[in-house]
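S.K.:
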Amino acid sequence: MTPLASPNATQRDPRRREQVAVFSVGGYRFVISAESVQEIRSTDSLGGTVVDLERPVMQKVRHIVERDGRSYYVVSGCEHFHLSASRPTTVLILRGAPVAVLVDRIEEMAEMRLLLELPLSFRGEERNWYRGLTVLDRNVLPVTNPRGFLTGAELLRLEEENPGLLEAAASGRYERERA
Amino acid sequence: MSAEHSSLVPSFVVFQVGTRRVALPRDAVAELIASPVLFKFPHTTPLVTGVALRRGRILPVLDLGPAVMGTASVAARFFLVVERRIENRSERCAIPVHGECELVAGIMIPPAGTEEFVSGCLDLNGELINVLDLEKAIAAGVRRDEASVATEEALP
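Chains as they are written, first to last, in our numbering: chain A, 854 to 1032; chain B, 2 to 157.
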């Protein structure tokens, strides 16, 4: 058997069940733990202030969005996964990190019963992108790592290149503009 | 050849990648399976074309085409399941193969060519079959794949 991502977990252990959202980007489907998502909004109804980064140091992050007094770096899902441009209609606002992810759409909410380790043959950025793989409806899907959309180092770099912008956006000092 | 003698002669699995016939030591091959459903998702690892699900196990699918043929393989009907050692752990991977696979016994002779991923040759009725060093073949394929990506990126 492929090793489980968590060595303490057993494959059908009901305690390990996890509510997840299945979302799509660029024709691929991904899974994210529902616990790691604070809000799921359509891009049309998001509201709030959108601020362009003064110095966009990475292609996948070009804006900050302010919402309810908090601000988030907006990560393009297709740029993050190096996919061709898509039409995002949904924003995942992550919990515990100033990160919002643009995705094409939410496909379904589901229960994940199995988290398998990403095979060691995978050597690239995906080791950071994914917590592992799961099987839903006989399909193997990658389980995204919420911390992988913007790593600590990337967050630090964004803050260094755009000092104070995140806090300034949150305090509403920027003019409202639509992305 | 006596039974005692034949048990001492190493055996190899001969298979086809693209149009080229190559071999792996029998011990390196776990099984031959009919083309499983291939699941694809974004990643950046060269040669890996996706994963297959086999008896509750995730098998990464590795295309040896870039190493052996210089180009990616076309769709295959069968996959060889091989055992790799990565970071002191074993991992089973599936390799797409074309045409017939054979199990042959023979003595490996020194390689005729200069390809670094060939560990030796088998003489099968006058046909010289290269025996691959799997890890070196994967490393060579990765290098070729990365070189071709770099060339593409350099194009205007």
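We treat Cβ as the ideally placed atom computed from N, Cα and C, and that holds for glycine.
On a predicted model such as this, the values are computed, not experimentally measured, just so you know.
What distance in whole Å lies between the Cβ atoms of V956/A and P972/A, which are believed to be in contact at a cut-off of 8 Å?
M.R.: Here residue 972/A refers to the residue found at position 119 of the first sequence. Here residue 956/A refers to the residue found at position 103 of the first sequence. Contact doesn't hold; Cβ gap of about 25 Å is too wide.
S.K.: What are the start and end residues of the beta strand (DSSP E) that includes E958/A?
M.R.: Start at 1 with the first residue of the first sequence, and residue 958/A comes out as number 105. For clarity, residue 958/A is Arg in the given sequence; the question names Glu instead. Element bounds for R958/A: R958 to M965.
S.K.: Would you verify that the beta carbon of E960/A is, or is not, closer than 8 Å to some beta carbon of chain B?
M.R.: Residue mapping note: residue 960/A aligns to position 107 of the first sequence, counting from 1. Answer no: the Cβ-Cβ gap between E960/A and chain B never drops below 8 Å.
S.K.: Suppose you measure from the CA of S149/B to the CA of A138/B; what does that come to, to the nearest Å?
M.R.: On the second sequence, residue 149/B is found 148 positions in, with the first residue counted as 1. On the second sequence, residue 138/B is found 137 positions in, with the first residue counted as 1. Counting only the Cα atoms, A138/B lies some 16 Å from S149/B.
S.K.: I need the boundaries of the beta strand (DSSP E) containing N131/B, first residue and last residue.
M.R.: Locating residue 131/B in the second sequence gives position 130, where the first residue counts as 1. Looking at the DSSP string, the run of the beta strand (DSSP E) that includes N131/B is E128 to L133.
S.K.: Pick out whichever of G107/B, I130/B, A140/B and D146/B has its Cα sitting closest to the Cα of R85/B.
M.R.: For the purposes of this step, residue 85/B is taken as the residue at position 84 of the second sequence. With distances taken between Cα atoms, R85/B lies closest to A140/B.
S.K.: Roughly how many angstroms lie between the CA atoms of A874/A and L125/B, to the nearest whole one?
M.R.: Translated into the one-based positions of the first sequence, residue 874/A becomes position 21. Translated into the one-based positions of the second sequence, residue 125/B becomes position 124. Approximately 55 Å, taken between the alpha carbons.
S.K.: Could you pull the DSSP bridge partners for M911/A from this structure?
M.R.: Along the first sequence, one-based indexing puts residue 911/A at 58. Answer is V914/A.
S.K.: What are the residues in the region 46-68 of chain B lying within 7 Å of chain A by C-beta distance?
M.R.: T46, V49, V52, L54, G57, R58, I59, P61 and L63
S.K.: Evaluate contact between the region 906-922 of chain A and the region 1000-1013 of chain A, counting only Cβ atoms and requiring at least three cross-stretch pairs below 8 Å.
M.R.: yes
S.K.: Given 8 Å as the limit, is there contact between the region 64-84 of chain B and the region 32-42 of chain B, that is, 3 or more CB pairs closer than that?
M.R.: yes
S.K.: Starting from the C-beta of L989/A, find all residues in its chain whose C-beta is less than 6 Å away, skip the five residues before and the five after it, and write them out in chain order.
M.R.: As a first step, residue 989/A is located in the first sequence; it is residue number 136 there, counting from the start. Answer for L989/A: A963, listed in chain order.
S.K.: Ignore the nearest five residues each way along the sequence and tell me which others in D905/A's own chain have a CB closer than 7 Å to its CB.
M.R.: Taking the first residue of the first sequence as 1, we reach residue 905/A at position 52. For D905/A, where only same-chain residues beyond five positions count, the Cβ hits under 7 Å are R915 and H916.
S.K.: Indicate whether at least one CB of chain A lies closer than 8 Å to the CB of M2/B.
M.R.: In the second sequence, the residue the question calls residue 2/B occupies position 1. Residue confidence for M2/B is low, a pLDDT of 48 falling below 50, so the modelled location carries little weight; the figure read from the coordinates is stated next. At a cut-off of 8 Å, the C-beta of M2/B has no neighbouring C-beta in chain A.
S.K.: Along the chain, where does the beta strand (DSSP E) that runs through R984/A open and close?
M.R.: Here residue 984/A refers to the residue found at position 131 when the first sequence is read from its first residue. Looking at the DSSP string, the run of the beta strand (DSSP E) that includes R984/A is Y983 to L989.
S.K.: What are the partner residues of C122/B, as DSSP defines its beta bridges?
M.R.: Residue mapping note: residue 122/B aligns to position 121 of the second sequence, counting from 1. Per DSSP, I110/B and N131/B.
S.K.: If we ignore side chains and look at the alpha-carbon of each, how far apart do I893/A and T943/A end up?
M.R.: Residue mapping note: residue 893/A aligns to position 40 of the first sequence, counting from 1. Residue mapping note: residue 943/A aligns to position 90 of the first sequence, counting from 1. Taking the straight line joining both Cα atoms gives about 7 Å.
S.K.: Give every residue of the same chain whose Cβ lies closer than 6 Å to the Cβ of A950/A, excluding the five residues on either side of it in the sequence, and list them in chain order.
M.R.: Mapped onto the first sequence, residue 950/A falls at position 97. There are no such residues.
S.K.: How far does the beta strand (DSSP E) with R22/B in it reach, from first residue to last?
M.R.: By 1-based counting over the second sequence, the position of residue 22/B is 21. If you look at R22/B, you'll find it in the beta strand (DSSP E) that goes R21 to P26.
S.K.: Check this for me: beta carbons of V15/B and A24/B, under 8 Å apart or not?
M.R.: As a first step, residue 15/B is located in the second sequence; it is residue number 14 there, counting from the start. As a first step, residue 24/B is located in the second sequence; it is residue number 23 there, counting from the start. Yes, Cβ-Cβ distance for V15/B and A24/B is below 8 Å.
S.K.: Under the assumption that G901/A contacts E888/A (Cβ atoms under 8 Å), give the Cβ distance between them as a whole number of angstroms.
M.R.: Within the first sequence, numbered from 1, the residue matching residue 901/A stands at position 48. Within the first sequence, numbered from 1, the residue matching residue 888/A stands at position 35. Actually they do not touch by this definition, with Cβ atoms about 23 Å apart.
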